[in-house]
Amino acid sequence: MTDTSTASAGSVPLAPRAWPLLGHALPLLRDPLAFIMSLSGYREMVRVRLGPSSAVMICDPDLTRQVFLNDRTFDKGGPIYDRIREVIGDGLSTCAYPLHRRQRRLCQPSFHPTRLAGYGAVFARAATAKAGSWRDGDVLDVTQEMMTLTTRATMETMFSGALPAETMQRCLADTAVIVSAFFRRMMTPALLRRLPTRQKRRYDDARTRLAATIAEIIAERRADPTDHADLLSTLVAAVDEESEDGRRQLNDAELADEALTFFLGGMETTAITLAWALHLLATNPDVQHRLKAETDRVLAGGKLDPAHLPSLGLASRVVTETLRLYPPAWMMTRVVREDAELGGVRFKGGSTIVLSPYLLHRRADLYDEPDRFDPDRWLDAQPDRRATYIPFGAGARKCIGDQFALTEAILALTAIVDRWELTPVGDQPFQPKVETSLSSRGLRLRLTERRSSGAGDAERSAAAPLSASVQPSTQPGAAACPVKHGR
Ligand code: HEM
Numbered sequence: 171m172t173d174t175s176t177a178s179a180g181s182v183p184l185a186p187r188a189w190p191l192l193g194h195a196l197p198l199l200r201d202p203l204a205f206i207m208s209l210s211g212y213r214e215m216v217r218v219r220l221g222p223s224s225a226v227m228i229c230d231p232d233l234t235r236q237v238f239l240n241d242r243t244f245d246k247g248g249p250i251y252d253r254i255r256e257v258i259g260d261g262l263s264t265c266a267y268p269l270h271r272r273q274r275r276l277c278q279p280s281f282h283p284t285r286l287a288g289y290g291a292v293f294a295r296a297a298t299a300k301a302g303s304w305r306d307g308d309v310l311d312v313t314q315e316m317m318t319l320t321t322r323a324t325m326e327t328m329f330s331g332a333l334p335a336e337t338m339q340r341c342l343a344d345t346a347v348i349v350s351a352f353f354r355r356m357m358t359p360a361l362l363r364r365l366p367t368r369q370k371r372r373y374d375d376a377r378t379r380l381a382a383t384i385a386e387i388i389a390e391r392r393a394d395p396t397d398h399a400d401l402l403s404t405l406v407a408a409v410d411e412e413s414e415d416g417r418r419q420l421n422d423a424e425l426a427d428e429a430l431t432f433f434l435g436g437m438e439t440t441a442i443t444l445a446w447a448l449h450l451l452a453t454n455p456d457v458q459h460r461l462k463a464e465t466d467r468v469l470a471g472g473k474l475d476p477a478h479l480p481s482l483g484l485a486s487r488v489v490t491e492t493l494r495l496y497p498p499a500w501m502m503t504r505v506v507r508e509d510a511e512l513g514g515v516r517f518k519g520g521s522t523i524v525l526s527p528y529l530l531h532r533r534a535d536l537y538d539e540p541d542r543f544d545p546d547r548w549l550d551a552q553p554d555r556r557a558t559y560i561p562f563g564a565g566a567r568k569c570i571g572d573q574f575a576l577t578e579a580i581l582a583l584t585a586i587v588d589r590w591e592l593t594p595v596g597d598q599p600f601q602p603k604v605e606t607s608l609s610s611r612g613l614r615l616r617l618t619e620r621r622s623s624g625a626g627d628a629e630r631s632a633a634a635p636l637s638a639s640v641q642p643s644t645q646p647g648a649a650a651c652p653v654k655h656g657r
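First residue of the sequence shown: 171, per our numbering; consecutive thereafter.
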């Protein structure tokens, strides 16, 4: 982090309990959420120190919006993105402002609503198959199960499911190693990060192997240019008509970075969201009952289909509320590219800014009973997606996969709750593990089968192996998600 103490020193208060030399590193490592929430009394901004460097944390929704909207000045950067860049190079999520618009134009067609309908069919099939693989009385490692589900579904949508099981397994294992190492590496000073420890070797090996696997898949796809109607085909075919010659496409290295970006960016966040949603349903049986009633009414004994999405209002609100309480991207960082003013404070170029959806989503002046799980708070209210509700960020850098993730999460929740009743294991409240994401690692839930015949059987037989390729829909908006995202 860069020292901002010379930038209008004194005007931004320093958070209490900074240790000499260490700054706030200890509370941030010991209990980051408690530390972040201890800052909610600051209405606008507060300075946090990590060792010799410091960053300014923005606590106000309006200032947060200003940072999001001015992405030329408040650019992607800072410790989180430096670590992510180690793995995915200059992909869409990590590239700096000068590269961003062109890359976004090239990636956008992969997430066009006409594509979402095809992806939705894969999600419904994958979730039904996953829910059909459990047995009555099972105690699930929920996060692990949701990671397998979203990895499979992401692979299907990206590579039309043409991957051998062994490749899929290897990608899953490598991704797990990379994801769990991110936060530790982010918090470790550069010198220590370079030490040749066993953990570093595992991390480096996983990174190299995953990149090689993706490069292999891309090489095969280049050799066989048939339209596989999946995300990778759309990326390979994408042309930037606004480039100088109007014909600019992604080269192999850029393709690999983007494929890795979608893969890593999409899978874990969606898996965590689903795991938290299942936890919240298990601990709020009344909502779970109502959700089951919704699935009964909407599916009416038939097979889950993306066309059901507009009728899955409660499932959609459960996902919206889950993302408010447990936003996977609990904090984001930005680097100030050139001297700038924000909220009456002068920031020097190079300063680090921290934004926290977790902090804003739990502010009592923005939400009634902010810690309570209440999907019905969204019955008549639309989330303000530019300031107070920002699980997907906002502005030009807003998540490109938001509708993809919401479609996947709503369909998966429906498939699971339709078949299984979920109950907590033990009576200890489950706490998030704070890593780069707000992880649900270690969450376990017990399953009780709701029924063993009838509609359940129809769904089980519909849980065909995930081998069909993703079919693009010709109906724009066919998979339109009931949750709409504004800019
Ligand atoms: C619930 C699931 C998800 C959550 C909570 C989430 C969250 C976010 C957030 C907060 C950002 C903005 C980060 C920032 O401004 O610093 C972001 C960006 C991004 N996300 Fe997601 N994401 C999710 C799912 C996905 C999926 C499924 C994909 C792709 C398949 C994806 C791909 C991306 C990409 C490429 C960016 C960078 C966009 C840009 O800079 O133009 N995400 N995501």
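Glycine residues also receive a C-beta, built at the ideal position from the N, C-alpha and C atoms. No experiment lies behind these values; they were computed from the predicted model shown.
Can you tell me whether residue 471 is buried or exposed, with buried defined as 16 or more other CB within 10 angstroms of its CB?
exposed
Should residue 500 be labelled buried (16 or more other beta-carbon atoms within 10 Å of its own) or exposed?
With 16 or more other Cβ atoms within 10 Å, it is buried.
Check the C-beta distance from residue 418 over to residue 427 and give it rounded, since I have them as a contact under 8 Å.
Between residue 427 and residue 418 the Cβ distance is about 16 Å, and since that is not below 8 Å, they are no contact.
Simplified DSSP state of residue 311, which is helix, strand or coil:
Looking at residue 311 - three-state DSSP - the assignment turns out to be strand.
Please state the DSSP three-state secondary structure of residue 329.
helix
Cα separation between residue 590 and residue 404?
36 Å
Can you give me the start and stop residues for the beta strand (DSSP E) that residue 223 sits inside?
223 to 228
Selection from 413, 336 and 314 that minimises the alpha carbon distance to residue 609:
314
Would you say residue 669 touches the ligand HEM, meaning its beta carbon is less than 7 Å from a heavy atom?
Residue numbering for the chain in the displayed model covers 171 to 657; residue 669 lies beyond these limits and cannot be assessed.
Please report how far the alpha carbon of residue 510 lies from the alpha carbon of residue 253, in whole angstroms.
25 Å
How far does the alpha helix (DSSP H) with residue 570 in it reach, from first residue to last?
Run containing residue 570: none; DSSP gives neither H nor E here.
If you drop the 5 nearest sequence neighbours on each side, which residues of the same chain put their C-beta closer than 6 Å to that of residue 462?
587
State the Cα-Cα distance for the pair residue 482 and residue 468, rounded to the nearest angstrom.
Taking the straight line from one Cα to the other gives about 7 Å.
Nearest-angstrom Cα separation, counted from residue 243 out to residue 186
29 Å
Where are the alpha helix (DSSP H) runs, 4 residues long or more, that stay fully inside the region 505 to 540, in chain order?
527 to 531
In whole angstroms, give me the CA-to-CA distance for residue 617 and residue 209.
39 Å
Kindly indicate the opening and closing residues of the alpha helix (DSSP H) around residue 396.
Unbroken run through residue 396: none, as it is neither H nor E.
Under the DSSP definition of a beta bridge, which residues are partnered with residue 248?
Per DSSP, none; premise fails for residue 248.
Which ranges does the beta strand (DSSP E) cover as unbroken runs of at least 3 residues, wholly within the region 245 to 301, from first to last along the chain?
none
Are the region 261 to 268 and the region 384 to 391 touching, with three or more C-beta to C-beta distances below 8 Å?
no
Own chain residues within Cβ distance below 6 Å of residue 436, not counting five before or after
324 and 571
Any non-hydrogen atom of the ligand HEM within 7 Å of residue 270 CB
yes
Segment limits, beta strand (DSSP E) that includes residue 216:
215 to 220
Answer yes if the region 533 to 545 comes into contact with the region 483 to 496, meaning at least three C-beta pairs across the two stretches below 8 Å, and no otherwise.
With the cut-off at 8 Å, the region 483 to 496 and the region 533 to 545 touch.
Alpha carbon to alpha carbon, how far is residue 248 from residue 373? Give it in angstroms, no decimals.
21 Å
Note down the Cα distance separating residue 457 from residue 246, rounded to an integer number of angstroms.
38 Å
Below 8 Å between beta carbons: does that hold for residue 604 and residue 228?
no
In or out: residue 380 buried (at least 16 other Cβ within 10 Å) or exposed?
buried
Below 8 Å, how does it come out for the region 439 to 459 and the region 593 to 601: are there three or more Cβ pairs, yes or no?
yes
Of the residues 301, 215 and 307, which one's Cα is nearest the Cα of residue 225?
215
Mapping the DSSP letters down to three states, classify residue 603 as helix, strand or coil.
strand
With a threshold of 8 Å on Cβ separation, who are the neighbours of residue 271 within its own chain once the five nearest residues in sequence on each side are excluded?
566
Within the present structure, is the beta-carbon of residue 493 separated from the nearest heavy atom of the ligand HEM by less than 7 Å?
yes
Are residue 234 and residue 289 closer than 8 Å when you measure CB to CB?
no
Heavy atom of the ligand HEM less than 7 Å from the Cβ of residue 293, yes or no?
no
DSSP state of residue 193, grouped into three classes?
strand
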